[in-house]
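Protein chains: 4
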Amino acid sequence: MSHNSFGHVFRVTTWGESHGPAIGAVVDGCPPGIALSEADIQPWLDRRRPGTSRFTTQRQEPDRVRILSGVYEGATTGTPISLMIDNVDQRSKDYAEVALAYRPGHADYAYDAKYGLRDPRGGGRSSARETACRVAAGAVARLVIPQVRVRGWVEAIGGDAIDPAAFDDAQIDANPFFCPDAAAAARWETLVDAARKAGSSLGAVIACEATGVPAGWGAPLYAKLDAELAGACMGINAVKGVEIGDGFAAATLSGERNADAMRPGEDGGAAFLSNHAGGIAGGIATGQPIRLRVAFKPTSSILTPVETITTTGEATTLTTKGRHDPCVGIRGVPVVEAMVALVLSDQMMLHRAQTSR
Amino acid sequence: MSHNSFGHVFRVTTWGESHGPAIGAVVDGCPPGIALSEADIQPWLDRRRPGTSRFTTQRQEPDRVRILSGVYEGATTGTPISLMIDNVDQRSKDYAEVALAYRPGHADYAYDAKYGLRDPRGGGRSSARETACRVAAGAVARLVIPQVRVRGWVEAIGGDAIDPAAFDDAQIDANPFFCPDAAAAARWETLVDAARKAGSSLGAVIACEATGVPAGWGAPLYAKLDAELAGACMGINAVKGVEIGDGFAAATLSGERNADAMRPGEDGGAAFLSNHAGGIAGGIATGQPIRLRVAFKPTSSILTPVETITTTGEATTLTTKGRHDPCVGIRGVPVVEAMVALVLSDQMMLHRAQTSR
Amino acid sequence: MSHNSFGHVFRVTTWGESHGPAIGAVVDGCPPGIALSEADIQPWLDRRRPGTSRFTTQRQEPDRVRILSGVYEGATTGTPISLMIDNVDQRSKDYAEVALAYRPGHADYAYDAKYGLRDPRGGGRSSARETACRVAAGAVARLVIPQVRVRGWVEAIGGDAIDPAAFDDAQIDANPFFCPDAAAAARWETLVDAARKAGSSLGAVIACEATGVPAGWGAPLYAKLDAELAGACMGINAVKGVEIGDGFAAATLSGERNADAMRPGEDGGAAFLSNHAGGIAGGIATGQPIRLRVAFKPTSSILTPVETITTTGEATTLTTKGRHDPCVGIRGVPVVEAMVALVLSDQMMLHRAQTSR
Amino acid sequence: MSHNSFGHVFRVTTWGESHGPAIGAVVDGCPPGIALSEADIQPWLDRRRPGTSRFTTQRQEPDRVRILSGVYEGATTGTPISLMIDNVDQRSKDYAEVALAYRPGHADYAYDAKYGLRDPRGGGRSSARETACRVAAGAVARLVIPQVRVRGWVEAIGGDAIDPAAFDDAQIDANPFFCPDAAAAARWETLVDAARKAGSSLGAVIACEATGVPAGWGAPLYAKLDAELAGACMGINAVKGVEIGDGFAAATLSGERNADAMRPGEDGGAAFLSNHAGGIAGGIATGQPIRLRVAFKPTSSILTPVETITTTGEATTLTTKGRHDPCVGIRGVPVVEAMVALVLSDQMMLHRAQTSR
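Top line first, the protein sequences correspond to chains C, B, Z and Y.
FYI, the numbering used here numbers position 292 of the first sequence as 292, with every residue one higher than the one before it.
FYI, the numbering used here numbers position 95 of the second sequence as 95, with every residue one higher than the one before it.
FYI, the numbering used here numbers position 261 of the third sequence as 261, with every residue one higher than the one before it.
FYI, the numbering used here numbers position 34 of the fourth sequence as 34, with every residue one higher than the one before it.
As structure tokens, then:
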């Protein structure tokens, strides 16, 4: 089984390195007859695009997506949709030092251990640049499940969390942090600036909610909806933790505190009194909003010197130059959203395959 | 793609319901020539077996495994290994009420929403009984990677955590809680007894470590070692969160605090000064111990009455009788270990396929 | 990817050896709510069952199937259906000689080359006994696509073919050869008897037709309906060739002779004037009957001595004792039908996943 | 599971339409450290390239391949290899008529039935142009198994077969028909010219042999080497039949005639006295040459008018203009070779995964 592909019947294969000529995604299994043009994808890429504020990497990439196949007269044909994004602003010379020593916290050492060689320019395949392809594919996935709204935001940076009571959806796109709490956004400006100037970096927690998912999507046992979401999000660069619903907090609750009681709802369904489960029970959607949280570690590329070894095994100290996000979690928001959209569109189709609903 | 199968080249398919005649697993892709008999599997099943202390369900299941295929004269032949465990102690009458109303926190409602019908006896397919099959298959997986030791324990119950300084590996199998801290084990006895007598239940956090995993196992991008582990563990019944290495704590650190510095090690490899990453970088093992944590919610089946609805949509109140674990997380230890062993054996074989190492 | 599993979303995993305690199949992904009991499966197994005439092996196997999971109150639940068939009439002592030398035409040598060991009893996993599991799973598949009729027959034995003009569907189940031509059946009685008495064996050609398949099932490009059918049938023991529609004869035609002209049909569809294509164009069903032919080589187990080598590489001569089909192709009819039913049910579900039709 | 992907661990995904801007393939799972540049791929594409003689389509496509990822400093890195070929010579206006009526023998009708719409320009995704991607990917696959030689040729055109006794490997690349028999090539010149001038077309039989495949590659049961080869070849445009070894002729033989007797060979292996089996037993390579034959139907696009219907269901008569191969089977030779190379490289890696050999 290929490891650069994602999904079962709505299936995405990505390719490309940070400093190669281009990166791309092939979206296979898309239903036919869906209106699709570059204009449906570009806005999502623009949300993830680097260089839009001083809080992200200064690499200037327009991230223009082109559709090379699978669309005829403005509609998907059911055949593979090839999406390509040219790399424009490579500065491979920044990486001469990296070719000779392993950056701590990066994949350099592990890639060499696995493959015996690696493309050191900008991290090669392990660069977060690849996530642009996920976002592009996720934009197509959204069109497959128009009844679903996938919405992410930053919940904490460097341990400083939003006030849930101050949550304002309209704020999320109004500041450079995807922060739903204006006061927190103001604090983070100072926080991230300080880290950036100190040559340091910060971790972040991203939250994501999918509303409109009907009860029944998902499947026992090894592709449970929560298992798929966890795998999808843990596979994003820099992610170290995933929670569904109450997550680790659920481990501290008693059974009666954690139970999501039900009352008769509309259309014969259930009206839940709480959502500790994050909208998933037994791996299947309950019809409540799907809720998850994702932990991003701080960017590994920092100006602070760290002890490491060279590719020939000698001791050295490395300062990672180049242009990096002081908090890679921020731009993780559109990526998490994309992965959730990809999982959900795939699960919708699998559910339809088995149940014809 | 089948959803009751797990793995890519070392692949396990499980079947069976809680109150059917038997449950089983088919292990496909196992390397040939490995010494294997029931005696290699049974001890792991015994660790997970119910009814061994008052802290687990009182259902009496001997969980005797039989090997029906794939082994000849004591060695694996490379063909599918069929493992079967008879169900002995079903009391389906306990579940008459459950057939008519949805247990909050359970998969009942979601299964009906998905399939339009369900087997209500003991939770049917959604029962944690299925995890016996995972443990049996995991026992085979361990033999495929004898260089690796997979070891789990309970780190917290109901929010009461062990003292890391008191960690004693020898304690783990010396108490009914898989607890490495004798003092914590003593406290949990009181805690779990109280929950059990109150008709309540408790959540738990399980930790797991895999040592001996060579640098290089795992693979970018959508089957990253951490993504596979997260999906595998999140697919276990009652799990709501997974962390690799520092997990959510990493999101509160600065880049220099989170970096795992390296010095020259033995055999030309790296000697790491810390293991915030949990032994995985870029989805590939670094050679350090793999470390992860898994959050189990409290058992949903409780004696405390909870508001719910009937299958015909009317309001009711339900008390879940039957025999249940007061803390399902405890028996989650051998299950988490099994899933980790399954992921690692599969990744070893995939690594070998691509690199011949 | 597992190699003892078949199908994409309607997925079957089989296990078991010829002389082990049992063989079985796990059917995963079956739609819920389908009425199913052993009585729906047994008749198809009985058609394939050995020992029913002197023209098949004399091994006496009742081939009683048991459903161990996935069915509740007479209906499929959408969870894995475990099917098990006990092996009753093993005579492993017949195979002492086979353990020490390789039977020409058999898989013995190749298995040893691959795995370094093998189960020699009755051919182990490579025995045609495994096809009972395919037939059992195929019986479930038929219920998933009740609008489709899959019908196979023997078209030739040992080069002696039926007269197409004499085709009589009612004859197929009226003789021990699944022969639609009564005159041919009478000739084959003499032919097969002669081969049997001579300790020889014969090859056969099986034809199969599926009617009721709607235009649209199937999919470009690497799971084309014809590609899936070809792979499915070539994977049956002893099969050496597969043709769709006119097959190799199409290679001798001119374009205008091979074209299936169309006229306006009912319901806005096409009425085809011929079916050279065997009901498939571009890998997708056209709505015409699916037609294919499958070549079975003669049974390799013969009483005639053949030169071979021992497992230690020394020259010897082997006579394969034991109980064998003088023409294994005959019992191939229900197996080919089963594989066609499995492919079609899987493709129906994949088509539904992508197009919601 | 995606249907525009092929293979299990060496996995190829293709995309693109006949008259879109480009076509391409993503090769995933390739072992690292293999020397690779466009110069390794281009010669194979040149063999398949249209417009090189009057016996193929006159469409002028340079078929220049570009490597966009997965190669660094001349060697594969183990990450996805993106291959792209620009479409240069589209004349979409040729296809105005085709958009309104279904070409008999083509996929037009089936695509509309499946998807409800299609890209009519040059056949869109169903065009044989896609096979350029298979050839490009196959060129990479060859480098993964340098010990194997995959060699194809045309064995018959329009029913006129070569004389096996006249087989001369050196002839294959010396005439425009990949014909190993000089006398047959001379006859075919007349034959194909006549068909071309008559606005007709001819079918062909392609043979292919893979030498150097070690005993042991392949795997029971549903990915048998012969099953994989049959599926791979039947999925090529215009293919209607596949035979392994003696194929349909084996069905006319007696068991003793079909048996491949063995004598002690070199290195402890077997020396076979014949190769009726085509190098595969029980789905596993025996170490003999792998041999298969593939039947191509005559090109469906012909100038002879054929009855058909319009997309709105009315009767019409269609003459397929445009530029077409008078015998599409000829250019099938490099495509069959590519599919065989893809199967074998994938099976080598799967074998290595399970057995470490």
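The C-beta atom is built at its ideal place from N, Cα and C for all residues, glycine as well.
Would you call the region 83-101 of chain Z and the region 57-75 of chain Z in contact, with 3 or more CB pairs under 8 Å? yes
As assigned by DSSP and simplified to three states, the class of Z/Trp217: Taking the third sequence and counting its residues from 1, the one referred to as residue 217 of chain Z is at position 217. If DSSP states are grouped into helix, strand and coil, Z/Trp217 belongs with coil.
Taking Cβ positions only, does B/Ala223 come closer than 7 Å to chain Y? Along the second sequence, read from residue 1 onward, the residue named residue 223 of chain B stands at position 223. No, no contact with chain Y.
Determine the direct distance from the alpha carbon of Z/Val71 to that of Z/Gly203, and round the result to whole angstroms. Within the third sequence, the letter at position 203 stands for residue 203 of chain Z. Within the third sequence, the letter at position 71 stands for residue 71 of chain Z. Their backbone Cα atoms lie some 39 Å apart in a straight line.
Per the DSSP calculation, B/Lys5 is bridged to which residue(s)? Translated into the one-based positions of the second sequence, residue 5 of chain B becomes position 5. In the sequence on display, residue 5 of chain B carries Ser and not Lys. Paired residues: B/Thr13.
Report the residue from Y/Arg352, Y/Thr76, Y/Leu292 whose alpha carbon sits nearest the alpha carbon of Y/Gly362. This structure gives no information on residue 362 of chain Y, because the portion of chain Y shown stretches from 1 to 357.
7 Å Cβ cut-off: residues of chain C touching Y/Asp108: Start at 1 with the first residue of the fourth sequence, and residue 108 of chain Y comes out as number 108. Residues of chain C passing the Cβ test: none, with the nearest at roughly 13 Å.
Which of helix, strand or coil DSSP assigns to Y/Glu155: As a first step, residue 155 of chain Y must be located in the fourth sequence, where it is residue number 155. Strand at Y/Glu155.
Between C/Ala210 and C/Val148, which are expected to be in contact by the criterion C-beta below 8 Å, what is the C-beta distance as a whole number of angstroms? Working through the first sequence from its first residue, we reach residue 210 of chain C at position 210. Working through the first sequence from its first residue, we reach residue 148 of chain C at position 148. The pair is a contact, with the Cβ atoms about 6 Å apart (cut-off 8 Å).
In the structure shown, what three-state DSSP assignment does C/Phe248 receive? Position 248 of the first sequence, counted from the first residue, corresponds to residue 248 of chain C. It is helical.
Taking C-beta pairs closer than 8 Å, name the residues in chain A that Y/Arg125 reaches, listed in chain order. Although the question refers to chain A, the structure presented lacks it and instead comprises the protein chains C, B, Z and Y.
Counted within 10 angstroms of its Cβ, other Cβ atoms place Y/Met1 as buried (16 or more) or exposed: Residue 1 of chain Y sits at position 1 when you count from the first residue of the fourth sequence. Since pLDDT at Y/Met1 reaches only 46, below the 50 mark, its modelled position is unreliable, and no value is offered.
Y/Val336 to Y/Arg134, Cα distance in whole Å? Residue numbering aside, residue 336 of chain Y sits at position 336 when the fourth sequence is read from its first letter. Residue numbering aside, residue 134 of chain Y sits at position 134 when the fourth sequence is read from its first letter. For Y/Val336 and Y/Arg134, the distance between alpha carbons rounds to 9 Å.
Beta-carbon spacing of Z/Asp260, Y/Pro104 below 7 Å: For this step, residue 260 of chain Z is matched to residue 260 along the third sequence. For this step, residue 104 of chain Y is matched to residue 104 along the fourth sequence. Yes, these two residues count as a Cβ contact at 7 Å.
Using DSSP bridges, identify the partner residues of B/Ser254. Position 254 of the second sequence, counted from the first residue, corresponds to residue 254 of chain B. Note: B/Ser254 sits in a beta bridge opposite C/Leu202.
With a threshold of 16 other CB atoms inside 10 Å of the CB of B/Asp119, please say whether the residue is buried or exposed. Residue 119 of chain B sits at position 119 when you count from the first residue of the second sequence. The residue is buried, with at least 16 neighbouring Cβ atoms inside 10 Å.
Look up Y/Ser82 in the DSSP assignment and give the residues it is bridged to. Along the fourth sequence, one-based indexing puts residue 82 of chain Y at 82. Paired residues: Y/Val26.
Under 8 Å, with one C-beta from each stretch per pair, do the region 8-16 of chain B and the region 24-42 of chain B reach the 3-pair mark? yes
Using the Cβ count rule (16 or more neighbours within 10 Å means buried), how would you classify Z/Ala170? For this step, residue 170 of chain Z is matched to residue 170 along the third sequence. Flag for Z/Ala170 reads exposed.
Of all the residues that make up the region 7-26 of chain B, which are near chain Z by a beta-carbon distance shorter than 8 Å? Gly7, His8, Val9, Arg11, Thr13, Thr14, Trp15, Gly16, Glu17, Gly20, Pro21, Ala22, Ile23, Gly24, Val26
Who are the near neighbours of B/Ser300 in its chain, counting only those whose CB is closer than 6 Å to its CB and skipping five residues on each side? Taking the second sequence and counting its residues from 1, one reaches residue 300 of chain B at position 300. Closer than 6 Å at the Cβ level, and outside the excluded window around B/Ser300, lie Gly105, His106.
List, in order along the chain, the chain C residues whose C-beta lies closer than 9 Å to that of B/Ile244? Within the second sequence, numbered from 1, the residue matching residue 244 of chain B stands at position 244. Those within 9 Å of B/Ile244 in chain C are Met234, Val239, Lys240, Gly241.
So that I know if they touch, is there some Cβ in chain Y lying closer than 7 Å to that of C/Tyr102? Residue 102 of chain C sits at position 102 when you count from the first residue of the first sequence. Chain Y contact via Cβ: absent.
Out of C/Phe177, C/Gly265, C/Val328, point me to the one whose CA is closest to C/Val154's CA. As a first step, residue 154 of chain C is located in the first sequence; it is residue number 154 there, counting from the start. Closest by alpha carbon: C/Phe177.
DSSP state of Z/Lys358, grouped into three classes? Absent from the model: residue 358 of chain Z. The displayed extent of chain Z is 1 to 357, so no value can be given.
Out of curiosity, what's the CA-to-CA distance linking C/Thr319 and C/Ala223? Taking the first residue of the first sequence as position 1, residue 319 of chain C is located at position 319. Taking the first residue of the first sequence as position 1, residue 223 of chain C is located at position 223. Approximately 41 Å between the Cα atoms of the pair.
Run down chain Y in chain order and give the residues with a C-beta less than 9 Å from the C-beta of Z/Ala195. If you number the third sequence from 1, residue 195 of chain Z lands on position 195. Near Z/Ala195 (Cβ distances below 9 Å), the residues of chain Y are Ser254, Gly255.
Can you tell me which of the three DSSP states Z/Pro164 falls into? Here residue 164 of chain Z corresponds to residue number 164 of the third sequence, with the count starting at 1. If DSSP states are grouped into helix, strand and coil, Z/Pro164 belongs with the helices.
When B/Leu225, B/Lys197, B/Ile34 are compared against B/Ile302, the one with the closest alpha-carbon: Against the second sequence, residue 302 of chain B aligns to sequence position 302. B/Ile302 has its Cα closest to that of B/Lys197, out of B/Leu225, B/Lys197, B/Ile34.
Could you confirm whether any beta carbon from chain Z is found closer than 7 Å to the beta carbon of Y/Met1? Reading the fourth sequence from its first residue, position 1 is the one you call residue 1 of chain Y. Its pLDDT being 46, under 50, Y/Met1 is placed unreliably by the model, and nothing is read from it.
Locate the alpha helix (DSSP H) running through Z/Leu273, then write down its first and last residues. Numbered from its first residue, the third sequence carries residue 273 of chain Z at position 273. First-last for Z/Leu273: undefined, no H or E at that position.
Kindly indicate if chain C contains any beta-carbon less than 7 Å away from that of Y/Tyr72. The residue given as residue 72 of chain Y occupies position 72 in the fourth sequence. So, interface residue.
Distance check for Y/Ile206 and Y/Ile330, CA to CA, integer angstroms please. Along the fourth sequence, one-based indexing puts residue 330 of chain Y at 330. Along the fourth sequence, one-based indexing puts residue 206 of chain Y at 206. Going from the Cα of Y/Ile330 to the Cα of Y/Ile206 covers about 8 Å.
In chain order, what residues of the same chain lie with their CB nearer than 7 Å to the CB of Y/Asn4, ignoring the 5 residues before and after it? Start at 1 with the first residue of the fourth sequence, and residue 4 of chain Y comes out as number 4. Result list for Y/Asn4: Thr13, Thr14, Trp15, in chain order.
Cut-off 8 Å between Cβ atoms - residues of its own chain near Y/Glu228, not counting five sequence neighbours on either side: Numbered from its first residue, the fourth sequence carries residue 228 of chain Y at position 228. If we look at Y/Glu228 and ignore the five residues flanking it on each side, its Cβ neighbours are Gly218, Val343, Asp346, Gln347.
Helix, strand or coil, according to DSSP, for Y/Gly51 in the structure here? Translated into the one-based positions of the fourth sequence, residue 51 of chain Y becomes position 51. Correct three-state label for Y/Gly51: coil.
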